[in-house]
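Q: Numbering-wise (this note's numbering), the sequence shown opens with residue 23 and increments by one.
Glycine is no exception: its CB is placed at the ideal position from the N, C-alpha and C atoms.
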Amino acid sequence: MLNIGIIGVGTVGESVIKILKENRDIISARAGKEIRVLKAAVRDLSKKRDVDVPLTDNADEILDDPSIDVVVELMGGIEEAYRIVSKALKNGKGVVTANKALLAYHRYELQNLAKDLPFGFEASVAGGIPIINALKVGLSANHIESLKGIMNGTCNFILTKMMNEGSDFKETLKEAQDLGYAEADPTFDIGGFDAAHKLLILASIAYGIDAKPEDILIEGIENINAEDIAFAKEFNYSIKLLAIAKKVDHKVELRVHPVLIKKDQMIAKVDGVMNGISVIGDRVGETMYYGPGAGGDATASAVISDLIEIARVGKGSPMLGFKRAMESSNLTLMPRSEIISKYYLRMCVYDRPGVLASIAKVFEKYDISINAVLQRPTNEESQKASLLFSTHLCKEEMIQKALDEIESLESVSSRPAMIRIEE
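#1: At what residues does the alpha helix (DSSP H) containing Lys273 begin and finish?
#2: Going by the CB atoms, is the gap between Ser260 and Ala254 shorter than 8 Å?
#3: In the DSSP assignment, what residue or residues form a beta bridge with Gln422?
#4: Starting from Leu135, trace the alpha helix (DSSP H) in both directions and tell me its first and last residue.
#5: Could you name the residues of the same chain whose beta carbon sits closer than 7 Å to that of Leu67, not counting the 5 residues immediately before and after it, in chain order?
#6: Checking the sheet assignment: what are the DSSP bridge partners for Leu410?
#7: State the start and end residues of the unbroken beta strand (DSSP E) segment that holds Ile381.
#8: Hey, how far is the Cα of Ser380 from the Cα of Ser363?
#9: Please state if the CB of Ala204 and the CB of Thr182 are separated by a distance shorter than 8 Å.
#10: Establish whether the CB of Arg105 and some CB of chain B are separated by less than 8 Å.
#11: With DSSP run on the structure shown, which of helix, strand or coil describes Asn401?
#12: Alpha carbon to alpha carbon, how far is His128 from Tyr104?
#13: What residues are listed by DSSP as bridge partners for Arg58?
#14: How should Pro140 be labelled, buried or exposed, when 16 other C-beta atoms within 10 angstroms of its C-beta is the threshold for buried?
#15: Within its chain, find whatever has a CB closer than 7 Å to the CB of Ala322; leave out the 5 residues flanking it on each side and keep chain order.
#16: With DSSP run on the structure shown, which of helix, strand or coil describes Tyr311?
#17: Using 8 Å as the Cβ pair cut-off and three pairs as the minimum, do the segment 215-224 and the segment 258-278 touch?
#18: I'd like to confirm the pairing. Which residues does DSSP put opposite Thr119 in its beta bridges?
#19: Please state whether the Cβ-Cβ distance between Tyr388 and Met420 is less than 8 Å.
#20: Below 8 Å between beta carbons: does that hold for Glu244 and Ile289?
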C-alpha cells in the first residue's frame, strides 16, 4: 500500500482522486500495490467538492502524519508551496507536484533537499505529455542539441484562430476566456511566463543549467496583428509561441517568444489548445511529443504516473536526472544580446520620399542584411504606410540597437514591431 496525502483539491486534485478510484484495478496492477488517498487539504472546507476522502484545512495534518508516504502538492503558488514541499521532504516523505512556478524558482533547492527521496514532477510541463520522463530516461544517452516547445494551449489556440480564420487578437482572447482556455487575467499565459517556467524545468534536465525566469528572454503574443498574419501566410510561415532551448558551443540559449516558423516543420502543425515539443538529440535525431497540455484528467494522468513509479521503485532517482555535473564544459546561459536569429520587422511610417533609404541606412550601420520587403498601401487619411521586412541572420544586440534608432526617425510613427524567425 502506498498512502498519499493531497494538498490542493481543485480541478486536478479532484481528477487525481477520481482516477485513482475509477482505474484502481489497472493502476494497482501496474504499481504492484494499491495507491490510497488518506487525506486531502483544502483552503476552504465550506466549498463543495466531488470527492469521498477526508478533508482538512490544515496541511500540517498531512505533512506530520507518519502513515502518509507521499505528499501530492497541487495548490499552486510559489513560496507557500515551497514551504510545504520542503517540510514534506524534511519529514522523509516523497513528493509529487504539478507546480511549474515552484520548480522554475526552487528546483535546485528541492533537489538538494530530496536527495534519495522520490520526487515526481511529470505534470509540471505539458500536462499529459510524458516529456520529463523522455528527457530523464528515454533520451538519457544523448546530448540534447535543442528543444522547441509549444507549451501553452491558450496562446496556441489564439494564434491558430488568427492564422486560420483571420480573427482579431482581442476577439480571440475573449473567445478563449469564454471557453475556459484563458483566465480572467490572461497575462501569465499570453505574456509567455507560463511557457518560460516550463522551459526552465526542461532546460535543467537537458543541460543542468540553473536560471530563473528573470534571467531569460520572454515575450508574449499580445502585439501580433493582421499584418503579421498576412506576412506569415505570404511566405508560408505559421506564427507560434515557442519555448526554445539550444546549445551553441559552451552556452545555452533559453528564450520564449512568438516565432515565424515554416509550415512544413512538424511543430508548426500543432494547432488549437494542443501542446507539442520537438527534441533533437545528437544520436537519436529529432523526436516529437504531442498531446493535451492542460486539463484535469490529462494533468492528473501525469501525477498518477509519478505515483505508480514511486510505488514500483520505492526510492528516488536524482530529481533532475543527473548525479553529477551534466557537461564537462560547464555550460552557461547565453546572454540575450548574443542570440543570433533571423527577424521579421513591421514598421508604421509616414509616406514620404526617402523613408526607405533612411531605414536602409540604419540597417547598414548595424550590419543587418534584408531578405525581403513588403509595403502595404498608404492610408489616405493618416498618410501612413506599413513596411514589412525580413532579415538574414544577425545578433539580437544589433537588431535592438537598430530598432531604437529607427524608432527615433521622424518618418517612423512608433516603435517597430519584431518577431523572430525560427528555422
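A: So, from the listed chains and residues:
#1: No alpha helix (DSSP H) contains Lys273, which is instead part of the beta strand (DSSP E) from 273-284.
#2: yes
#3: BP columns for Gln422 are empty, so no partner.
#4: 122-136
#5: Leu77, Asp79
#6: Arg368, Leu396
#7: No beta strand (DSSP E) holds Ile381; the alpha helix (DSSP H) holding it covers 377-387.
#8: 23 Å
#9: no
#10: Within the model displayed, chain B is absent; a lone protein chain is all it includes.
#11: strand
#12: 7 Å
#13: Asn25
#14: buried
#15: Val34, Ser37, Val38, Ile41
#16: strand
#17: yes
#18: Glu95
#19: yes
#20: no
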